[in-house]
Structures are given as C-alpha cells and as structure tokens.
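Asker: Residues 144 to 554 in our numbering are what the sequence shown spells out, letter by letter.
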Amino acid sequence: MRRVVITGMGAVTSCGMGVKPLWKQVLEGRHGFCTITGFDTSDFAVKYAAEISNWDPAAAGLNKKEARRMDRFSQFAMAAANLAMEQAGNFAADLDPFRIGVLVSSGIGGFHSFEEEKEKAMAKGVERVSVFFIPMMIPNMAGGLIAIQHGFKGENYCPVSACASSAHAVGEAFRKIKYGYLDACVTGGAEAAITQFALAGFYNMGALAVGEDPARLSIPFDKERKGFVMGEGAAVLVLEELEHAKRRGAEIVAEVVGYGATDDAYHITGPDPQGLGAAKAMELAMKEAGFDQVDYINAHGTSTEANDKIETLAIKMALGEESARKVAVSSTKGVTGHMLGAAGAVEAILTALALKEGVVPPTAGYQIPDEECDLDYVAEGARKQDIRRALSNSLGFGGHNATIALQKYQG
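Here it is, written out as structure tokens:
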C-alpha cells in the first residue's frame, strides 16, 4: 500500500501551452473560446469552440517529420507529456523501464485523420489513403508514441470511456503504483475533435451550445445552460511512488489518495436520473482515501440540462445534503470547454493546483441560479481557501463514472 504523488504536470489547451497560462485563465474565470478556424462555419450552427488556434507542432518541440505521421490529438499528447516530464525532472533515471507505465487515453482518437483520409478516398480513390492512417487514428497511439520516445516499457494501454477516459487513466495509474505494479506512470488524456463531422454529431444530438455571445455558451449550473462548448488539447501527469519522489528531492504538487469507478447501466447518453452511479463513484473514492468529508469538488459540470442537476443530486447523495451545501463545487469547463477524453486529466491538474495553492477555481460564466442546482458553485470568482481534501468527477456517455480523490501533500 504505497503512497502516490504528482510530480509533473503538462497541458496543451486553448488557454496556451503549459499549466501556468491555464491556471491563470481559470482563476480569472476568462473563457478560452473563439470562432472556429478549422473549417467554414458560414452554413453551420456551431460557431465557437475552445480551439487551439495556429497550432505548430514544431514550435511545441516535436520533430516535424514524425509530427506529420501523428494525428492532432497525439501531437497534443506528446507536447503535454514533454511538459509534464520537464517539471518532474529525471524521475526515470534509476528506475527499471519496465516499472514505468504510460496510461494516456482518448475518448475518440484521430478524428482529424479519419475525416481527411475519408475525403481523400472519396475524391481520389482508396489507393490514396495514407499508410499511416490506422496508427494515426487509433486512440492508444498517443500512449504508444510517448513510450517509444522515452523508452518506458511498463504497462501501456488506453482506457476509452468517453468523457471519463482520462479520469479512468489517472485512477488506474494511481492503483498500479499503489499496489506495486509500477513505480511511476505517465498518465492523462488527449482529444482533438473540433471537426465539422464530429461537431455535427454532437450538435444533432443536442449536446452543444449555440449562440452569439461566447461568454454565455458554457455556463455550468446556470439556469440558462443549454449545452457545452467543444474543447481540444491534452493534459498529462507524472505519478510517482512517494518514497522514490522524496529520495530524489522532487517537488510534490499533491497526493492522489482514492479512485472510484462505476456505471449507471441506464442509457447510452443520459445519466441515471437518480444519480446513483455518480454518487457511488464519489463514495468509493472517499472510502479509499479515508475521507469522511471534502473541502472542494471539481465537478464534471458540462453545462447541459441533465448533467448539472443530476451531478448536484449525486453530490448531495454522496456527502449528505447538509454537508454538500458546505462544500465548494465548481466546473472549469466554462474556461476550457469540454475536452471530452482529456477532461478528467486537465481537471485533476486543476484540482491538484487548487490544493497546492489554496485557491478554489470559480465556475466561469455562472450568473443565474437554478433551483435544481443549489450548491455553492463559487460564483463570486476565485476563492482563497485552505483546502486539504478534494474530488474530481468525470462522467461519460455509456454511463461511465470516475472520481479521483486528492489531498494536499503534507509530508
């Protein structure tokens, strides 16, 4: 039963390269949405996304030739992993490479490659489809590429559970280290699904918000919420066994102490209206962590009608209604958009920073209270607070629920 800590974090988001610009923008409650540049939206209902504009893999430190053989999501993952390992330092120097894992997920994988190669086949014939199409498209390739670049030979797989994917990846990485299967793990998620085809699918099912004012599009827990804004990018963490991190003098961001995973077994896209699965995931994470209560919850908070009220109900069920009303709850998707399979990892990073810095991120865009969403959503802006125990929730299509429990590292 070993303790597991975070020693490195990297992020590539619409807020910029790295964790610092992301954290700054989240605390400011300033959204990262812009008009879509990847395709012509003149005849398309969706106009805004949390897009990484002018992405240049070479500027992010990737080899140009190799980057051309990667889908956009893998490029994001590689860049985020490099940033995380730069912060972590030389954690792998004295470790057996078979004891270092890579669990990096994606909910959808290479959607850009899928669309581009399909269009090429339709226009020029199937013989013109790239020989790299399949390895560019498959979701596990981000983790494979990270392992190849850095020589990490331990367990390497890709949990795919829609919007809970990278939360599952972080949770599984935590367990692998806790129970002695690995000594360190590079974990997180990446997504790049801001394409016309993907957005059409999400829009047609009623999941995406549309409107002229980007500040009123992703507004978790607000009474006027009407869907989410698609985000893209990657978030990667280095998890490490505590004693190893201490021996090498690593800076420790926070400690991962619990993980809960369940399924609603209810509907392909809608959450269980009773919130039983989400509540149980929180209860399991708290039980493993040894928490009786928590100070902060980074909610899944998608800004959809169903999620926000059901997650509110689940929080009350897990904590007890009286205690739930005392807990700071916020969703950071009002800044990052919904990064799908990468959401859980980026929110684990933000939760770790909240613990380390003693600041609760606000729910950006929240203005109008909803009687069905009646918890403390930190609407006034970033809140200075000494938080010591926190949860990060991720809930995905298919009923997948994952909760990560973290605590402030105190030696």
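Backbone N, C-alpha and C define an ideal beta-carbon position, used for all residues, glycine too. This one's a predicted model, so the numbers in the text were calculated from it and none came from an experiment.
(1) Run through DSSP, which three-state label would Ala352 get?
(2) For a test of the three-state rule: what should DSSP assign to Phe345, helix, strand or coil?
(3) How do the stretch 459-476 and the stretch 322-330 stand: do at least 3 beta-carbon pairs fall below 8 Å, yes or no?
(4) Quick one: which unbroken beta strand (DSSP E) runs of 3-plus residues sit fully inside the stretch 433-502? Chain order, please.
(5) With three or more beta-carbon pairs closer than 8 Å as the criterion, would you say the stretch 296-303 touches the stretch 227-236?
(6) Within the continuous beta strand (DSSP E) that includes Ala404, where are the two ends?
(7) Using the beta-carbon count (16 or more within 10 Å), is Met429 buried or exposed?
(8) Can a CB atom of chain D be found closer than 8 Å to the CB of His481?
(9) Note down, in chain order, each residue of its chain lying with its Cβ closer than 6 Å to the Cβ of Thr412, except the 5 sequence neighbours on either side.
(10) Quick one: grab the DSSP three-state call for Val148.
(11) Distance check for Thr475 and Trp166, CA to CA, integer angstroms please.
(12) Specify the secondary structure class of His543 as computed by DSSP and reduced to three states.
(13) Applying the criterion that 16 or more other CB atoms from any shown protein chain within 10 Å of the CB defines a buried residue, is Lys267 buried or exposed?
(14) In terms of residues, what are the limits of the beta strand (DSSP E) holding Ile337?
(15) What number of angstroms, rounded off, separates the C-alpha of Ser535 from the C-alpha of Arg271?
(16) Taking the DSSP output, what are the residues bridged to Asn536?
(17) So the beta strand (DSSP E) Ala378 belongs to, where does it begin and stop?
(18) Quick one: what does DSSP say Ser248 is sitting in, helix, strand or coil?
(19) Distance, Cα to Cα, Phe275 vs Arg390?
(20) What residues are listed by DSSP as bridge partners for Phe371?
(21) Taking all protein chains shown into account, do 16 or more other C-beta atoms lie within 10 angstroms of the C-beta of Phe234, making it buried, or fewer, making it exposed?
(22) Assign Arg242 to one of three DSSP states: helix, strand, or coil.
(23) Does Ala188 pass the burial test, meaning 16 or more other C-beta atoms within 10 Å, or should it be called exposed?
(24) Jot down the residue ranges of each uninterrupted beta strand (DSSP E) in the stretch 144-223, minimum 3 residues, whole runs only, in chain order.
(25) For Ser217 and Ser309, which I take to be in contact (beta-carbon distance under 8 Å), what is that distance rounded to the nearest angstrom?
(26) Where does Gly331 fall in DSSP's three states?
(27) Give me whichever residues DSSP pairs with Arg526 in a beta bridge.
(28) Leaving out the 5 sequence neighbours to the left and right, which residues in its chain are closer than 6 Å to Phe182 when beta-carbon positions are compared?
(29) Can you list, in chain order, the residues of its chain with a C-beta nearer than 8 Å to that of Asn450? Leave out the 5 residues immediately preceding and following it.
(30) Taking one C-beta from the stretch 238-248 and one from the stretch 354-371 each time, how about it: are there three or more such pairs within less than 8 Å?
(31) Am I right that Ala210 and Ala377 are in contact with their C-beta atoms under 8 Å? What's the rounded C-beta distance?
(32) Quick check: Gly250 and Tyr409, are their CB atoms within less than 8 Å of each other?
(33) State whether the stretch 521-533 contacts the stretch 368-385, with contact taken as three or more CB pairs (one from each stretch) at a distance under 8 Å.
(34) From Arg526, Lys423, Val437, Val489, pick the residue whose C-alpha is nearest to that of Thr506; which is it?
(35) Reducing DSSP to helix, strand and coil, say where Cys516 ends up.
Answerer: Looking at the atomic coordinates:
(1) coil
(2) helix
(3) no
(4) 439-441, 471-473
(5) no
(6) 397-406
(7) buried
(8) The chain labelled as chain D is not found in the depicted structure, where only one protein chain is given.
(9) Phe540
(10) strand
(11) 10 Å
(12) strand
(13) exposed
(14) Premise fails: Ile337 is in no beta strand (DSSP E) and is neither H nor E.
(15) 44 Å
(16) Thr546
(17) 376-384
(18) strand
(19) 42 Å
(20) Leu351
(21) buried
(22) helix
(23) exposed
(24) 147-156
(25) No, Ser217 and Ser309 are not in contact; Cβ-Cβ is about 14 Å, not under 8 Å.
(26) strand
(27) Val503
(28) Gln339
(29) Pro414, His443, Gly444, Leu538
(30) no
(31) So it is not a contact: roughly 14 Å between Cβ atoms.
(32) no
(33) no
(34) Arg526
(35) strand
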